[in-house]
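Working notes, beginning with the structure itself.
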Amino acid sequence: MSRVLLIWRKSLNVLMLTLTGVAALSVVSVLFLILGYLVWNGGRSLNWDFFTQLPKPVGETGGGMANAIVGSLKLLLLAALMGLPVGLMAGVYLAEFGGKTFSYVIRYTTDLLNGVPSIVIGIFAYSLAVLPVKHFSALAGGVALGIMVIPITVRSTEEFLRAVPGSLREGAMALGASKWRTIATVVLPAAKGGIITGVLLALARVAGETAPLLFTAFSNRFWSPGWGQPIASLPVMIYTYAIAPYDDWHRQAWAAGLILLALVLVANVGTRLALSRGGAGRSV
Amino acid sequence: MSTTATTIERAVPPQAGPRAFVHRLRDGDQIAHIITLVFAAGILLITSLLVYELWVNSHLSRSKFGWLFFWTRTWDPIFDNFGAAPFIYGTLVTAVVSLVIAVPLGLAAAIFLSELAPRRISDTISFLIDLLAAVPSVIYGLLGIFIVVPLMRTTIGPILIGTLGYVPVIGKFFKGPNYGVGFFTAGIVLAIMVVPFIISVSREVLLTVPREQREAALALGATRWEATWKVVVPWAKTGIMGSVFLALARALGETMAVTMVIGNDPKISASLFAPGYTIAAVIANEFTEATGDLYLSALIELGLVLFLMTFILNGLARLLIVATERGGGHPA
Chain C
0 MSRVLLIWRK SLNVLMLTLT GVAALSVVSV LFLILGYLVW NGGRSLNWDF FTQLPKPVGE
60 TGGGMANAIV GSLKLLLLAA LMGLPVGLMA GVYLAEFGGK TFSYVIRYTT DLLNGVPSIV
120 IGIFAYSLAV LPVKHFSALA GGVALGIMVI PITVRSTEEF LRAVPGSLRE GAMALGASKW
180 RTIATVVLPA AKGGIITGVL LALARVAGET APLLFTAFSN RFWSPGWGQP IASLPVMIYT
240 YAIAPYDDWH RQAWAAGLIL LALVLVANVG TRLALSRGGA GRSV
Chain L
0 MSTTATTIER AVPPQAGPRA FVHRLRDGDQ IAHIITLVFA AGILLITSLL VYELWVNSHL
60 SRSKFGWLFF WTRTWDPIFD NFGAAPFIYG TLVTAVVSLV IAVPLGLAAA IFLSELAPRR
120 ISDTISFLID LLAAVPSVIY GLLGIFIVVP LMRTTIGPIL IGTLGYVPVI GKFFKGPNYG
180 VGFFTAGIVL AIMVVPFIIS VSREVLLTVP REQREAALAL GATRWEATWK VVVPWAKTGI
240 MGSVFLALAR ALGETMAVTM VIGNDPKISA SLFAPGYTIA AVIANEFTEA TGDLYLSALI
300 ELGLVLFLMT FILNGLARLL IVATERGGGH PA
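Chains as they are written, first to last, in numbering that gives the first Met the number 0: chain C, 0 to 283; chain L, 0 to 331.
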């Protein structure tokens, strides 16, 4: 009786432990499946035209997404200009100046903002930047992405500033530097690598956002000069092309997906490797 | 280290009123403090403005439909009659389906990573899984349309209808025509998207369980699995629940991937294979086409509902995770 029970317990042990391994492997294999599928499908569709040509009208094959690539870069620039100053300064405040209660409130609000679904951020940016002027614009898209950049930057900046040893601060202050000088010339340079990593990851994350752009930046099949007009972006193009019924558009959606994924993964892997070499040893 | 800084500040001898003020300004500390404070307060301002805008801009719809908004099943832009029921239903059903798939898978993977795998392998796999979380949602949607939908139509759907369709109680969820798009397809795609969050948070929580707990169980003759399942997992229970809430919040708010595979049909159907609609998807699809003020206002009210749902879940998740990591968790 007890022998049977023992065998049962042991085989259950082996079975369940194997299953946990299978679960981990299958989740990881999804990543390689996605990568492989995109490289296979996107790679076949990728050509020089994709980077240099405008989209062709419906029915004509060929053409590219040059305007969407430039559009995504412009939107990222706007997002960085609007979101990064707030994120970085607030991060410095939390790590260096913050008291107890107010810091807690700020941290909590930051987490709350981080958890807001991107489509809701889109509605917010719409009511801020589209409703008053009655038309879609690159600027409105920048506002949406800029808001999304803030919470990610705040948390990573604070975390890396806190990782700077207190003895560095004490050393600077003992030499007679005031607090802001200490922060500007000693603490920030020491945390530079980590902070840049956080910024890059934040930008990589919003680079793939589609939902908040649908009714702020909208889309555009032509070049969009200046900042006040609707503008195309890679994620929105992938969406429109993927749900359209044309094979040639699907082909281009794959190509755009490959470019976008490559961008995001390179940013993620690159910053992670740079960090582990820098010895900061902290992940964001 | 902020305590050290305050001590040094206090060590400066107190000076007479106005001179002290000028002295401190010359040092610039107060200025730097105020500037950074203003930016930090900016976050507070932005978030309150977000809630305010959602509230004010949904005024028309709120005053016209009131609480009935949540029970009405029609969504009729032509006659200006709007009800949120089909969207709330779709959002909840897809999220539940995704959790039913993602929680066992994610928990098992997290157990493997924290209990079995050597540290190096565990770290590498966790890194790859974090990358999975970084993949943009529109790419999940792309793969959903071209891989999961056809697979659902030809393989997964018929198999589930043929097996689970005949089980007494849950059978009615697995019956009906199989279009490929629908609640279940959206649930599968969502599951893949939220599983990285469950794994990485659960792994962190499991790693905080004290070694002595495992050793005690093993010393009493438990097998490795029994030690894990009956001692380690119950210890980390609260934190794991937190990771599930976190995943649920993400699943509710996810837009693009769901929009691309759910079929976009505002109906409430028991069958999981029927096309449906979610809150986020209807906002994404109809916002730019909303011609009337009431139409727009109804969509913004949907946004408000979504915001509140994720707000509550995120708050709960944070509480639970913090409670476990502070060592508050104890075997049940």
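Positions of the beta carbon are idealized from the N, C-alpha and C atoms, including for glycine.
Coil, strand or helix - residue i by DSSP
i	result
L:D332	The structure shown has nothing for residue 332 of chain L, since chain L only spans 0 to 331.
L:W224	helix
L:G252	helix
L:W70	coil
L:N157	In the sequence on display, residue 157 of chain L carries Pro and not Asn. Residue state, collapsed to three classes: helix.
L:R325	coil
C:P54	strand
C:G62	strand
L:K171	helix
L:E114	helix
L:G291	coil
C:Y92	helix
L:A246	helix
L:P149	helix
L:S136	helix
C:V285	In the structure displayed, chain C extends from 0 to 283; residue 285 of chain C sits before or after that span and is not available.
L:A216	helix
C:P211	helix
C:L259	helix
C:D247	helix
C:L264	helix
L:V166	coil
L:A235	coil
L:N177	coil
Proximity of residue i and residue j at Cβ, strictly below 8 Å
i	j	result
C:T181	C:R168	yes
L:L112	L:I124	yes
C:R106	C:L87	no
L:M192	C:A241	no
C:I258	C:L233	yes
C:V129	C:F214	yes
L:V147	L:V188	yes
C:W248	C:S44	no
C:I149	C:R204	no
C:G145	C:L274	no
L:A226	L:A216	yes
L:R61	L:E300	yes
L:G170	L:L159	no
L:A248	C:G114	yes
L:A279	C:P116	yes
C:K50	C:G61	Here residue 50 of chain C is Phe; the residue named in the question, Lys, does not match the sequence. The answer is no: Cβ separation not under 8 Å.
Presumed contact (8 Å Cβ cut-off) between residue i and residue j, rounded CB distance
i	j	result
L:P85	L:K266	6 Å
L:A269	L:S97	The pair is not a contact, with the Cβ atoms about 18 Å apart (cut-off 8 Å).
C:L260	C:L37	6 Å
L:A39	C:A89	4 Å
C:A255	L:A108	Going by Cβ atoms, the distance from C:A255 to L:A108 rounds to 31 Å, so no, they are not a contact pair.
L:V223	C:L16	Note on residue identity: the sequence assigns Arg, not Val, to residue 223 of chain L. Yes, L:R223 and C:L16 are in contact; Cβ-Cβ is about 6 Å, under 8 Å.
L:F182	L:G82	The Cβ separation is near 19 Å, so there is no contact.
L:G241	L:I320	4 Å
C:T19	L:L115	7 Å
L:I197	L:V243	7 Å
Extent of the continuous alpha helix (DSSP H) to which residue i belongs
i	result
L:E52	D28 to N56
C:Y103	T100 to G114
C:W7	S1 to S44
C:G192	L187 to A206
C:D48	W47 to T51
L:V96	A84 to I110
L:F182	F182 to L206
C:P234	L233 to I242
L:S121	R118 to A133
L:N284	I278 to E285
C:P224	No alpha helix (DSSP H) contains C:P224, which DSSP labels as neither H nor E.
C:A137	A137 to R161
L:A273	Per DSSP, L:A273 belongs to no alpha helix (DSSP H) and is neither H nor E.
C:Y125	Here C:Y125 belongs to no alpha helix (DSSP H), and DSSP marks it neither H nor E.
C:S177	Where C:S177 is concerned, there is no enclosing alpha helix (DSSP H), given that its DSSP letter is neither H nor E.
Short CB-CB distance (under 8 Å) between residue i and chain B
i	result
L:E214	Annotation note: the requested chain B is absent from the structure, which comprises protein chains C and L.
Exercise. Contact between the region 296 to 313 of chain L and the region 135 to 154 of chain C: three or more CB pairs below 8 Å?
Worked result: no
Exercise. Is there contact between the region 122 to 130 of chain C and the region 56 to 64 of chain C, where contact requires at least three CB pairs shorter than 8 Å?
Worked result: no
For this session: Please confirm if the region 298 to 306 of chain L is in contact with the region 60 to 72 of chain L, defined as three or more CB-CB distances below 8 Å between the two stretches.
Result: yes
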